[in-house]
Amino acid sequence: MNPSIIHERKLFGPGPTNPYAEATAALGLPLLGHLDPEFIRILDETCEDLRTVWSTSNARTLPLSATGSAGMEAAFVNSVGPGDVAVIAVNGLFGQRMVDVAGRCGAEVVQVDFEWGTPVDADALAAAHPSPKVIAAVHAETSTGVRSDIAAIGAIKGDALLLTDAVTSIAGIELRADDWGIDIGYAGTQKCIGVAPGLAPFTINDRAFERRIENPQSWYLDLGMLGGYVGEAKGKRTYHHTAPVAMVCSLHAGLKRILAEGLDNVWARHEAAGKALHDGLQEQGFELFAQEGSRLPELTTVKVPDGVDSAKVRGYLLENFEIEIGAGVGKYADTVWRIGLMGPNANPASVTLLLGAIDEAIK
Ligand code: PLP
């Protein structure tokens, strides 16, 4: 297939988003060897810049060479084994995926359910078990467009390790791993970081590292071995697997782009774009799905009006405007739309385009 016939879509779904131009340009740079000193410098800087977007000083902060789900696997496989109790908050698809992953690691999972469209409640998690090894929650539930208060969970975690999914929150909304008590966090590149899918920004603090599972059943995601990959002992980088060089260079460029704008400014830009979209959709008569007060600016969930065919509208937007928006998830597949304004797409022009296109599409 001739790649030039691929359409240039406006990716306003739940991810991937359109990448920052700098991240795309970096994919075309000459390929370096994965042990080339120049690449090692780029990887070092990438880890440093990831510390900034995680708001952490954790030495063990790195881009895992796989997508966000591998970040989730790495988080659990290194922290829970047979008999360990994991309290897991479920208010959408990705909390449910955590339950599946932790169960496969042999953990005794205590699942705490919350209505989809609402945030998780820290007190309910605290009451679920007296002494869990891990408490896990999704910061920004992509399936429902809801933000949960991770700092509140950090405040009640006691001796447990706090494991957090920041796939859709990182570099989009306020995220403070150290201040909030996050011990293990994973993310993805394809949402607000504005880089193509393929890497999982990951962070783990000393407390969690010391209590990790030795020799976990996953060789590839064994964090004990990955320290050498990112050169934990300076100048002693060891081969673990071939780094996805082009993707790391792209992430490096995307992070530089974000930090040049300033993380606070990037958060404010996402906040403003999301609010404009929420307001505009409501002015057009739409009802939002996520509970008021917990709505993500970077991912808006909208109820499909009665009598409107969800798939037809999405097809119309794609065909006539090159716009992709997402369907709902699970039982909301046909009754909710998910609209993302992430990374470079979080701007007023995207909002205006979306509101006009949706208005035309439902007529
Ligand atoms: N967690 C959340 C909140 C997500 O939104 C996603 C993907 O959309 C994942 C985990 C899984 O990431 P990936 O699809 O990159 O494997």
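151 is the number of the first residue of the sequence shown in my numbering; add one for each residue after it.
Where a beta carbon is used, it is the ideal one built from N, C-alpha and C, also for glycine.
These numbers come from a predicted model, not from an experiment.
Could you tell me the distance, in whole angstroms, from the CA atom of Thr-353 to the CA atom of Ser-219? What you label residue 353 is simply residue 203 of the sequence shown in a count that begins at 1. What you label residue 219 is simply residue 69 of the sequence shown in a count that begins at 1. Straight-line Cα distance between these residues: approximately 14 Å.
State yes or no: is the C-beta of Thr-202 nearer than 6 Å to some heavy atom of the ligand PLP? Position 52 of the sequence shown holds residue 202. The answer is no for Thr-202.
Can you give me the start and stop residues for the alpha helix (DSSP H) that Leu-468 sits inside? Counted from its first residue, the sequence shown places residue 468 at position 318. Counting along the chain, the alpha helix (DSSP H) containing Leu-468 begins and ends at 460-471.
Please report the distance separating the alpha-carbon of Glu-198 from that of Phe-359. On the sequence shown, position 48 is the one that residue 198 refers to. On the sequence shown, position 209 is the one that residue 359 refers to. Each residue's alpha carbon lies about 19 Å from the other.
Would you mind working out which of Leu-431, Met-397, Leu-311, Ala-302 sits nearest Gly-178, comparing C-alpha positions? Residue numbering aside, residue 178 sits at position 28 when the sequence shown is read from its first letter. Taking only the C-alpha atoms, the option nearest Gly-178 is Met-397.
Provide the residue(s) that pair with Tyr-336 in DSSP beta bridges, ordered along the chain. Numbered from its first residue, the sequence shown carries residue 336 at position 186. Asp-315, Phe-352.
By DSSP, does Thr-502 sit in helix, in strand, or in coil? Within the sequence shown, numbered from 1, the residue matching residue 502 stands at position 352. In the structure shown, Thr-502 sits in a helix (DSSP, three-state: H, G or I).
Does the distance from the CB of Ala-176 to the CB of Ser-500 come in under 7 Å? By 1-based counting over the sequence shown, the position of residue 176 is 26. By 1-based counting over the sequence shown, the position of residue 500 is 350. No. Outside cutoff.
In terms of residues, what are the limits of the beta strand (DSSP E) holding Val-235? In the sequence shown, the residue the question calls residue 235 occupies position 85. Per DSSP, Val-235 belongs to the beta strand (DSSP E) from 235-240.
Following a CB-centred definition, is Asp-315 positioned closer than 6 Å to any heavy atom of the ligand PLP? Against the sequence shown, residue 315 aligns to sequence position 165. Yes, the Cβ of Asp-315 comes within 6 Å of a heavy atom of the ligand PLP.
Would you grab the beta carbon distance between Leu-214 and Ser-293 for me? Rounded to a whole angstrom, and I think it's under 8 Å. One-based indexing of the sequence shown puts residue 214 at position 64. One-based indexing of the sequence shown puts residue 293 at position 143. With a Cβ gap of about 22 Å, Leu-214 and Ser-293 do not count as contacting.
Could you say which of Gly-476, Val-463, Gly-506, Phe-471 lies nearest to Ile-512 if we only look at CA atoms? Residue 512 sits at position 362 when you count from the first residue of the sequence shown. Here the closest residue by C-alpha is Val-463.
Is any heavy atom in the ligand PLP found nearer than 6 Å to the beta carbon of Ser-444? The residue given as residue 444 occupies position 294 in the sequence shown. Not so, every heavy atom of the ligand PLP lies at least 6 Å from the Cβ.
Alpha carbon to alpha carbon, what distance is there between Thr-217 and Asp-186? By one-based count along the sequence shown, residue 186 stands at place 36. By one-based count along the sequence shown, residue 217 stands at place 67. Looking at the two C-alpha atoms, the distance is approximately 24 Å.
Mapping the DSSP letters down to three states, classify Ile-489 as helix, strand or coil. Within the sequence shown, residue 489 is the residue found at index 339, counting from 1. Strand, per DSSP.
In the structure shown, what three-state DSSP assignment does Glu-291 receive? Locating residue 291 in the sequence shown gives position 141, counting from the first residue. It is a strand residue.
Return helix, strand or coil for Val-230, following the three-state DSSP convention. Numbered from 1 along the sequence shown, position 80 holds the residue referred to as residue 230. Val-230 falls in the coil class under three-state DSSP.
For Pro-232, is the classification buried or exposed, using 16 other Cβ atoms within 10 angstroms of its Cβ as the cut-off for buried? As a first step, residue 232 must be located in the sequence shown, where it is residue number 82. Its Cβ having fewer than 16 others within 10 Å, Pro-232 is exposed.
Would Glu-448 and Gly-322 be called neighbours here (beta carbons separated by less than 7 Å)? Here the question's residue 448 lines up with position 298 in the sequence shown. Here the question's residue 322 lines up with position 172 in the sequence shown. It is a contact, given that the beta carbons lie within the stated cut-off.
Do you know offhand how far His-420's Cα is from Ala-496's? Locating residue 420 in the sequence shown gives position 270, counting from the first residue. Locating residue 496 in the sequence shown gives position 346, counting from the first residue. Rounded to the nearest angstrom, the two C-alpha atoms are 5 Å apart.
Limits of the beta strand (DSSP E) - the one that Glu-258 falls within: Here residue 258 corresponds to residue number 108 of the sequence shown, with the count starting at 1. Where Glu-258 is concerned, the enclosing beta strand (DSSP E) stretches over 258-263.
Once DSSP output is grouped into helix, strand and coil, what is the label at Glu-172? The sequence position of residue 172 within the sequence shown is 22, counting from 1. Here Glu-172 sits in helix by DSSP.
Can you tell me whether Gly-348 is buried or exposed, with buried defined as 16 or more other CB within 10 angstroms of its CB? Translated into positions along the sequence shown, residue 348 becomes position 198. That one is buried.
Per-residue DSSP class, three states only, for Leu-371: The residue labelled residue 371 in the question sits at position 221 within the sequence shown. Leu-371 falls in the coil class under three-state DSSP.
What residue from Ala-393, Ala-257, Val-249, Asp-299 has the CA that sits closest to Val-528's CA? Residue 528 lies beyond the residue range present for the chain, which begins at 151 and ends at 513; the question has no answer from this structure.
The beta strand (DSSP E) enclosing Leu-214, as first and last residue numbers: Against the sequence shown, residue 214 aligns to sequence position 64. Start and end: 210-214.
Around the C-beta of Pro-480, are 16 or more other C-beta atoms found within 10 angstroms, so that it is buried, or is it exposed? The residue you call residue 480 lines up with position 330 of the sequence shown. According to the sequence provided, residue 480 is Gly. The question's Pro does not apply to it. Counting Cβ neighbours within 10 Å, Gly-480 comes out exposed, since fewer than 16 surround it.
Cutting at 8 Å between CB atoms, please list the residues of its own chain near Tyr-170, excluding the five before and the five after it. Residue numbering aside, residue 170 sits at position 20 when the sequence shown is read from its first letter. Result list for Tyr-170: Gly-344, Val-345, Ala-403, Gly-404, Arg-407, Ile-408, Gly-493, Pro-494, in chain order.
Gly-377, buried or exposed, once every other Cβ within 10 Å from all chains shown has been counted against 16: Mapped onto the sequence shown, residue 377 falls at position 227. Burial call: buried.
If you count every other CB in all the chains shown that lies within 10 Å of the CB of Leu-181, and 16 or more means buried, which is it? Counting from 1 along the sequence shown, the entry for residue 181 is found at position 31. Burial call: exposed.
Per DSSP, which residues does Val-284 bridge with? Please list them. Here residue 284 refers to the residue found at position 134 when the sequence shown is read from its first residue. According to DSSP, which records beta bridges pairwise, Val-284 is partnered with Ala-236, Leu-311.
Considering Lys-453, what are the terminal residues of the beta strand (DSSP E) in which it resides? Mapped onto the sequence shown, residue 453 falls at position 303. Residues 449-453.
With a threshold of 6 Å (Cβ to nearest heavy atom), would Gly-218 be considered close to the ligand PLP? As a first step, residue 218 is located in the sequence shown; it is residue number 68 there, counting from the start. The answer is yes for Gly-218.
So what does Tyr-181 bridge to, in DSSP terms? For the purposes of this step, residue 181 is taken as residue 31 along the sequence shown, with counting starting at 1. It should be pointed out that residue 181 corresponds to Leu in this sequence rather than to Tyr. Leu-181 pairs with nothing; no bridge assigned.
So, under 8 Å CB-CB, Gly-163 and Glu-510 are touching, yes? Tell me the CB distance rounded to an integer number of Å. Your numbering for residue 163 matches position 13 in the sequence shown. Your numbering for residue 510 matches position 360 in the sequence shown. Wrong, their Cβ atoms sit about 19 Å apart, outside the cutoff.
Under 6 Å: does the beta carbon of Phe-244 sit that close to some heavy atom of the ligand NAP? In the structure shown, the ligand NAP is absent; the only ligands present are the ligand PLP.
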